[in-house]
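Student: Residue numbers 238 to 519, in our numbering, belong to the letters of the sequence shown in order. Where is the CB? At the ideal position from N, CA and C, for every residue including glycine.
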Amino acid sequence: MVTFVTDSGCDLPKNVSLPFDLKFLPLRVYVRNKEYEDKVTLMPEELYKMELEGEVATTSLPKVNAVEMVLKNAAESSEKVYVITISSKLSNTYDLVQSVANSIGSKNIVVLDSKTASIKQGYVVLKAMELVRKKGSLTQADVDKIIENSLLVFFVPTLEYLYRGGRIGKAKAFFGRLLNIKPILTTDVEGEVNTLGTVRTLESGVSSMVKIAKSFISEKSFADNYSVIGGFTITSMSSYLEKLLAGFDEKTIIGVSNIGAAIAAHVGPEAFGVVVGEKIEF
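(1) Less than 8 Å between the beta carbons of Thr-432 and Ile-418, yes or no?
(2) So if DSSP puts Lys-271 in a beta bridge, which residue, or which two residues, is it bridged to?
(3) With a threshold of 16 other CB atoms inside 10 Å of the CB of Gln-377, please say whether the residue is buried or exposed.
(4) Report the partner residues of Asn-495 according to the DSSP bridge assignment.
(5) Taking C-alpha atoms, which residue in Ile-496, Tyr-267, Leu-262, Lys-371 lies nearest to Val-511?
(6) Can you tell me which of the three DSSP states Lys-344 falls into?
(7) Tell me the residue span of the alpha helix (DSSP H) that contains Ser-445.
(8) Of all the options Val-266, Glu-429, Phe-469, Leu-279, which has the alpha carbon lying nearest to the alpha carbon of Pro-394?
(9) Secondary structure at Lys-300, three-state DSSP: helix, strand or coil?
(10) In the DSSP assignment, the alpha helix (DSSP H) including Val-361 goes from what residue to what residue?
(11) Based on DSSP bridge pairs, tell me the residues matched to Glu-515.
(12) Contact check, Cys-247 vs Val-362 under 8 Å by CB: the rounded distance?
(13) Nearest by alpha-carbon distance to Gly-484: which of Gly-442, Gly-291, Thr-330 is it?
(14) Excluding five sequence neighbours on each side, which residues of the same chain lie with their C-beta closer than 7 Å to the C-beta of Val-390?
(15) State the CB to CB distance for the pair Leu-249 and Val-266, rounded to an integer number of angstroms; the pair is presumed to be in contact (CB under 8 Å).
(16) Less than 8 Å between the beta carbons of Val-318 and Ala-311, yes or no?
(17) In whole angstroms, what separates the C-alpha of Glu-316 from that of Gly-291?
(18) Please go through the same chain and pick out, in chain order, the residues whose beta-carbon is closer than 8 Å to the beta-carbon of Asn-345, but skip the five residues on each side of it.
(19) Look at the alpha carbon of Lys-488 and the alpha carbon of Lys-457, and state the distance between them as a whole number of angstroms.
(20) Over the uninterrupted beta strand (DSSP E) stretch that includes Leu-422, give me the two end residues.
(21) With Lys-286 as the anchor, note down where its alpha helix (DSSP H) starts and where it stops.
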């Protein structure tokens, strides 16, 4: 038996069928002087609403005892445990999980860095499951290959939330001159937030995102052998996501996910995007 573990920074499409058991480590979200567990005691829609009302949210690592309990139980019941965390450049979750795994001393736990977040982290988990099903093992080199062969393209009206939360990465240089320009962002192969382009309107953002994604698909020579996952925050962003997804063959779309509270704390309540990558085949 193989068990996968990830954190709540991972956003998966609704109703996706998984070939392996998947357990989640909830990241913590702090808002209105309260501590919540992402996707457990705080649903994404609740945080979007609070952010739109002007509240500022911060995040923290999963609880150490929760990580220890999940890893111990998984290690005892499974031949192999693969833990795929949010990018180590965006959070210290990878370091925490690695430390807990080392303290447990179970040799069947493998901790891997997704070098991304949200729907691309979901894509990485799904593709990793495919690889384990096909070849029976998974290494960081395998995950790095998945990362290279996929692209996250996401839109936020402002970099303010990323800047405030310290997750702005290589996009920081653009902050000062982007106050009136809307950025199209990604997580690069190193796991940092980076800029793919800028637009002035949501509509132009959609068309630019389709072009960027399709250029990547062409560059990788995927033809029709690619998969797409969409993600969005508030309801008004879903209409733009629909327009974005309309730019791809319907058969390539695996599904759509709401963006979790821990991610929304850093990208804000108005965001949408897609990940495109080599086709997932379970």
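Tutor: Walking through what the data contain:
(1) Using a Cβ distance threshold of 8 Å, Thr-432 and Ile-418 do not count as a contacting pair.
(2) Val-268
(3) exposed
(4) Phe-469
(5) Ile-496
(6) coil
(7) 439-456
(8) Phe-469
(9) Lys-300: coil per DSSP, three-state reduction.
(10) 355-372
(11) Tyr-463
(12) 6 Å
(13) Gly-442
(14) Excluding residues within five positions, the ones whose Cβ falls inside 7 Å are Ile-421, Thr-423, Leu-433, Met-446, Ile-449, Ala-450, Gly-510, Val-511.
(15) So it is not a contact: roughly 18 Å between Cβ atoms.
(16) yes
(17) 47 Å
(18) Ala-312, Ser-315, Glu-316, Lys-317, Val-318
(19) 19 Å
(20) 419-424
(21) Counting along the chain, the alpha helix (DSSP H) containing Lys-286 begins and ends at 281-289.
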